[in-house]
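Asks: Structure in structure tokens, see below.
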Amino acid sequence: MRFLLLVGVLLTTIPVVSAISVTPGDDPPLETPWESLVPPEDLSGWKILGGTARYRVEDSVVIGQTTAGSPNTWLTTERQFGDFELEYEFLCDISLNSGVQIRSEAKGGSARGFQVEIDVDDKRKRFWSAGLYEEGDRGWIDDLKDNPEAQAAHKPHDWNHVRVVAMGAKMQTWLNGVPAAEVFDTRRLSGFIGLQVHGVGNRKEPLEIRWRGLRIRDLGLHHWSPVNPPPLSGWVEQLKLPEGCRTFRVDLAHDEDDGTVEFGWNKNHVKFTNDFARYSYRGEFKPTGELTGESSIAGGGK
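For what it's worth, my numbering labels the leading residue of the sequence shown as 1385, then goes sequentially.
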């Protein structure tokens, strides 16, 4: 299905719409080479964030170990990643929760961003590994409660393989080859990758999480790009409106130097001439007078 971006104005005053932008979601290019993401034994190129959990690398296996009284800890890349394909295997003590941060940032001594869950608790038995959680923000974005196939793909007391593809606003995960989570979210398009050791309170006996086969294909960055370049190029009137509505008059609109576009008329629509197969958009609006009606920005199929 193809989509168009439509701006509808039902105001008696003039709104200002600015910085409307799109970012596509694509399939990863096959020609991009894989590179190892296993930290060196001295952990150079990585930083420890949060608590006091211990990390070490043995025979290319990353081992995270809990410490009593520590909050959540992350071993994070100094390098930033936007679009990527990531693969790894994990083996986790069943009493420990963990995860892999993607597109994340440090905030207040903690990680904030998307986390690919590691959930091996055989008492709770929900097995949401490879579900998507937003650490330090909205919580669960896509759990696996409605995906019994992915829950059943979990292998208890064994290595489990995870694949993650992040392209533009689209993020997908697989657990042992079974599709798990799929999210379309533009809030975070880049950030570090981090390996979490969850806090265990005052438990003195250490628990461990292991990762192996960490590798990544760095596919670059997606950027927001404006879709309203002056002088309103690419915008046309929307002609088919209900009876009694008037079409948008382009000669009443003008672009400002700061990237905003100002327009207004009673009951009218204006649309962008390009079609978008997959997109996100964002923008700001400001009524320039008394707000007496309503306005909208919409995408629709045709």
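From the three backbone atoms N, C-alpha and C, an ideal C-beta is built for every residue, glycine too. This structure is a prediction, so every number in the text was calculated from the model and none was measured.
Which of the three DSSP states is assigned to residue 1423 in this structure?
Replies: The answer is coil: DSSP assigns residue 1423 none of H, G, I, E or B.
Asks: Over the uninterrupted alpha helix (DSSP H) stretch that includes residue 1687, give me the two end residues.
Replies: With the chain represented from 1385 up to 1686, any question about residue 1687 goes unanswered, as that position is not in the structure.
Asks: DSSP on residue 1626, reduced to helix/strand/coil?
Replies: In this prediction, residue 1626 scores a pLDDT of 49, lower than 50, which makes its location untrustworthy; no coordinate-derived value is stated.
Asks: Grab me the residues of residue 1500's own chain with a C-beta within less than 7 Å of its C-beta, minus the 5 sequence neighbours each way, in chain order.
Replies: Result list for residue 1500: 1483, 1484, 1486, 1514, 1516, 1546, 1548 and 1557, in chain order.
Asks: Of the choices 1440, 1563, 1417 and 1587, whose alpha-carbon is the least far from that of residue 1428?
Replies: The candidate whose alpha carbon is nearest that of residue 1428 is 1440.
Asks: How close, in whole Å, do the beta carbons of residue 1581 and residue 1448 come, if the pair is a contact with beta carbons under 8 Å?
Replies: Indeed, because the Cβ distance is near 4 Å, the residues count as touching under 8 Å.
Asks: Given that a residue counts as buried once 16 or more other Cβ atoms are within 10 Å of its Cβ, and exposed if not, what is residue 1518?
Replies: Looking at its Cβ environment, which holds 16 or more other Cβ atoms inside 10 Å, residue 1518 is buried.
Asks: If distances are taken between C-alpha atoms only, which option among 1511, 1433, 1421 and 1469 comes closest to residue 1446?
Replies: Among 1511, 1433, 1421 and 1469, the Cα nearest to that of residue 1446 is on 1421.
Asks: Would you identify the three-state DSSP class for residue 1490, choosing helix, strand or coil?
Replies: Here residue 1490 sits in strand by DSSP.
Asks: Please list the terminal residues of the continuous beta strand (DSSP E) segment that includes residue 1564.
Replies: First-last of the beta strand (DSSP E) with residue 1564: 1562–1568.
Asks: With DSSP as the reference, label residue 1535 as helix, strand or coil.
Replies: Residue 1535: helix per DSSP, three-state reduction.
Asks: Under a three-way DSSP split, which group does residue 1416 fall into?
Replies: In this structure, residue 1416 counts as coil in the three-state DSSP scheme.
Asks: I need the DSSP call for residue 1482, collapsed to helix, strand or coil.
Replies: Correct three-state label for residue 1482: strand.
Asks: Does the segment 1589–1600 come close enough to the segment 1568–1576 that 3 or more CB-CB pairs lie under 8 Å?
Replies: In short, these stretches do not touch, since the Cβ pair count stays below three.
Asks: Return the chain-ordered list of same chain residues with a C-beta closer than 6 Å to the C-beta of residue 1418, the five sequence neighbours on each side being excluded.
Replies: Correct list, in chain order: 1599 and 1601.
Asks: Mapping the DSSP letters down to three states, classify residue 1496 as helix, strand or coil.
Replies: Note: residue 1496 maps to strand in three-state DSSP.
Asks: Excluding the five sequence neighbours on either side, which residues of its own chain have a C-beta within less than 6 Å of the C-beta of residue 1567, listed in chain order?
Replies: Contacts found: 1516, 1525, 1526 and 1555.
Asks: Classify residue 1521 as helix, strand or coil using the three-state DSSP reduction.
Replies: DSSP places residue 1521 in coil when its eight states are reduced to three.
Asks: How close, in whole Å, do the beta carbons of residue 1544 and residue 1468 come, if the pair is a contact with beta carbons under 8 Å?
Replies: Wrong, their Cβ atoms sit about 20 Å apart, outside the cutoff.
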